[in-house]
Structure formats: C-alpha cells, structure tokens
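S.K.: One structure follows; several queries about it will come next.
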Amino acid sequence: MPKTYDLIIVGAGPAGITAGIYAARKKMDCLVITEDIGGQTIWSGDVENYTGYRFMTGSELASKFEEHIKKYSIGIKEGERVNSLAKTGDIVRVVTNKDIYYSKTAIIASGKRSKELGVPGEKEFKRKGLTYCATCDGPLFLDKKAVVVGGGNSALDAAFQLTRIAEKIYIVNMTAELTGDPVMKDKVTGDEKVTIFNDSKITEVFGGKFVEGVKIKTPRSEEVLEVEGVFVEIGLVPNSGFTQGLDKNKHGEIIINCQTETNVKGVFAAGDVTNVIEKQIIVAAGEGAKASLQTFRYLARKK
Amino acid sequence: MKNVKVYSSPACAYCVRAKQFLKDNSVEFEEIDVSLNPDAAREIVEKSGQMGVPVIDIEGEIIVGFDKGEIEKALGL
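Chains as they are written, first to last, in my numbering: chain A, 1 to 303; chain B, 1001 to 1077.
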C-alpha cells in the first residue's frame, strides 16, 4: 500500500510556500512538489508592496520564503514537474516526471508562466536567441538586431532596455496600437533604433545553430526580419493543464470560491493559478494560508 | 577547491539564486557580469552553445541555468 499524505501542495511560490508553512504548523503530513522555489516572485524586479518590507528585490523575497519553509521539517520535491493530478474516490493521485504520489487532499498553487508564441521554430530556438526574460539575457545581444513580441508594459520595458544594448529593435504587436502605459510608449516610440509593426504577428522563427530571423505577417504583407534575438513578452498563462476534473474559466484559471475551494471536494487552489483577479505576491501568500487552513478543517471533518 | 566561474547579468534572478546557493555551500567563485564584459558574453555563447544566463563553469564543465542538481554533482556536494 503506497503512502498517503494528508496534503500535497503543487508549487512553491508565495501561495504554495505559505500553505506549506501553515500545514507544517498544523502538523499535517504534507509534501510540496515544485519545479522551483519562489515562483514568479523570483522574476519580480523590485517589490515595494509586501507588508513589513518597504523595499526588496523579488529574488531576495524568494530567498526569505525558502529560508522560512525550510525551518520546518516538511518534504519538498524540488525540480519535479507534475504531469497529472486527479481525485478518484477519496484519494488524490499525483503523477510527476519522476514518481507517483497519493494524498487525501491537494492545494494547487502552480502559478503562471510566460505565454508562448505557438509558432514553428519557437521550441527549437529557445535559449538559442529566443528568450522569455529580456532583463536576464538582454546583455548577450550587444550590437545585434532583435525583435520584441508584444505591446504591453513588459514588452515595452524589454524594448526600452534593448535600446541601450542592441543595434536595432523591432516590435511586433498584435493589436492596433501599443497597450502599455503612455510613459513607456513615449520612451520607446521616440527612439530611432525602434521600428514598430502594429496589427502584426510572428509566423515563424528560423535559423541554424542560433536564431537568424523571423517571418512576420503585417496588414499589408508578409516580411522577413533578420534578427538574432527574439524576446517574447506576450503575457502569462496559468499552469493548470495538469489538473483533471477541475472547473476553469476561459483563461484556464482554476475557479475557486472565497474559501479557496474548487469544484472537487478536498482539492483547493491558491494564488495566480486561480480566478482571483489580483495577481499580487501578498494576495497569493494570503490565499495559500487560507487554503491550508481550509484543508485542515476538511481533514478534521473527515475524521 | 574547484575553479568556479559564474557568468551573470544584473537583472537575472536565477543568477542571484545560483550565487546565493554557492555562497551557502561555501564555494568560492569568480563572477563575470556579461553586461559589462562583451567578450565574456561572446565567450559563453560559444562555450555553452546557447544564449542565456546564468552559465556556470566548474573546471570546464558548463552548466546552463540554475540547475541545482547538476551543480551539486559537478562540485561533489
């Protein structure tokens, strides 16, 4: 008979870590399964709205989270990806890329990830010129040509940073106009290195060992841009695809009520993977605490 | 002590995490900021065959990204 945990938490961003801390303090037999520790907090530049810390970088806050959860003797499987999670009868079955685990309850706190373009060449050229983190990899594109895909603030921020590094920047934006803040728009549109294609999309990324260019479709024509860098900044999608039997909204977010309950009894969800509108570190942490306490109540009722 | 180099950029969170991990394990390393050093930026693209940071060079063994398991293996931690 395989071991059955009281609780399995998927994800270790602010929601998952907080849920884990609460579970440890309630002495629940809990396992955290996660690809990385910190989640999107790691990617946040400066955090100035987490109560108690007037200023911190995202990675500093993530380190604090890690330090906090590791104070407790709680099982953490780091570097493991959950491929499926489903409840049958009274048991939640979690299949990862390494093992299978069983639990009475689960908290899904798997957050969001960068949205992909979904065009040919994207997967092959990941890290070969195509990146989802402009601030990280930007310096490698000194004096090169690059295309930024997207029109929101993160795309404009990427483009603006690249104006100081790259030789030429194209922005390929799906909508009729850039959608970022006016201040950001002014910064970018005023730079002579920048050329903007609105109402346009990338149809293919091509190259040899590294990216050599992209094909784009504009309202008037199809063109080829010779670039060595492709910076994808088209927003985020929830990591909810592995869950089975859970209700989701049209964005793929898991639908929860104000007690963090999903439509499946004993399966809870918290943080950015849910339909809670505010995507904030502190909100995710709070939701994680709620989910853990709800789990505790659920288990107590079951006894 | 093995010779360890970390190629990083200032805004790269996984670079910060990787450096912290090495410090926590008392591993000495040389840090190379590719945003200040274009030659090093070219060098890691050649060495690692990819275009992303962090890149960690442990006695010539190249690790791409903050891959804790691989770093531990290479250092014998």
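Ideal Cβ positions, reconstructed from N, Cα and C, are used throughout, including at glycine. Quick caveat: nothing in here was measured; it's all calculated off a predicted structure.
#1: For G121 of chain A, which residues in chain B fall below 7 Å Cβ to Cβ?
#2: Provide the residue span of the beta strand (DSSP E) that contains R113 of chain A, from first to last.
#3: Tell me which same chain residues have a C-beta within less than 6 Å of the C-beta of M193 of chain A, skipping the five on either side of it?
#4: Give a yes or no on whether 8 Å exceeds the smallest Cβ distance from G1060 of chain B to chain A.
#5: Nearest to N257 of chain A by CA position, among A:G266, A:Q244, A:D272 and A:V276, is which residue?
#6: Determine whether the beta carbon atoms of E233 of chain A and F141 of chain A lie at a separation below 8 Å.
#7: Output, in chain order, the set of chain A residues within a Cβ distance shorter than 8 Å of K1068 of chain B.
#8: Using the C-alpha atoms, what's the distance from G208 of chain A back to G118 of chain A?
#9: With a 10 Å radius around its C-beta and 16 neighbouring C-beta atoms as the bar for buried, classify I74 of chain A as buried or exposed.
#10: Nearest to K187 of chain A by alpha carbon, out of A:R297, A:V172, A:V211 and A:L156?
#11: From F296 of chain A to K265 of chain A, what does the alpha carbon distance come to, in whole angstroms?
#12: Can you list, in chain order, the residues of its chain whose CB lies under 7 Å from that of E122 of chain A, leaving out five sequence neighbours each side?
#13: I'd like the list of long-range same chain contacts for G252 of chain A, defined as Cβ closer than 7 Å, with 5 residues on each side in sequence excluded.
#14: Taking 8 Å as the CB-CB cut-off, is I169 of chain A touching chain B?
#15: Give the range of the beta strand (DSSP E) segment to which R93 of chain A is assigned.
#16: S1009 of chain B touches chain A at which residues, Cβ-Cβ below 9 Å?
#17: Taking the straight line between their C-alpha atoms, what separation do you get for A24 of chain A and Y72 of chain A?
#18: Kindly give me the distance between the Cβ atoms of Y22 of chain A and L299 of chain A, rounded to whole angstroms, as I take these residues to be in contact under 8 Å.
#19: Check whether the Cβ of V1034 of chain B lies closer than 8 Å to any Cβ atom in chain A.
#20: Indicate whether at least one CB of chain A lies closer than 8 Å to the CB of G1076 of chain B.
M.R.: According to the structure data:
#1: Going along chain B, no residue has its Cβ under 7 Å from G121 of chain A, so there is no contact; the nearest lies around 15 Å.
#2: K112 to S114
#3: The amino acid at residue 193 of chain A is misidentified as Met; the sequence shows Lys. Correct list, in chain order: T163, K168 and I169.
#4: no
#5: A:V276
#6: no
#7: E78 and G79
#8: 19 Å
#9: buried
#10: A:L156
#11: 13 Å
#12: E116, L130 and V205
#13: V237, P238 and S240
#14: no
#15: I91 to T96
#16: T135, C136, D137, G138, P139 and L140
#17: 7 Å
#18: Going by Cβ atoms, the distance from Y22 of chain A to L299 of chain A rounds to 13 Å, so no, they are not a contact pair.
#19: yes
#20: no
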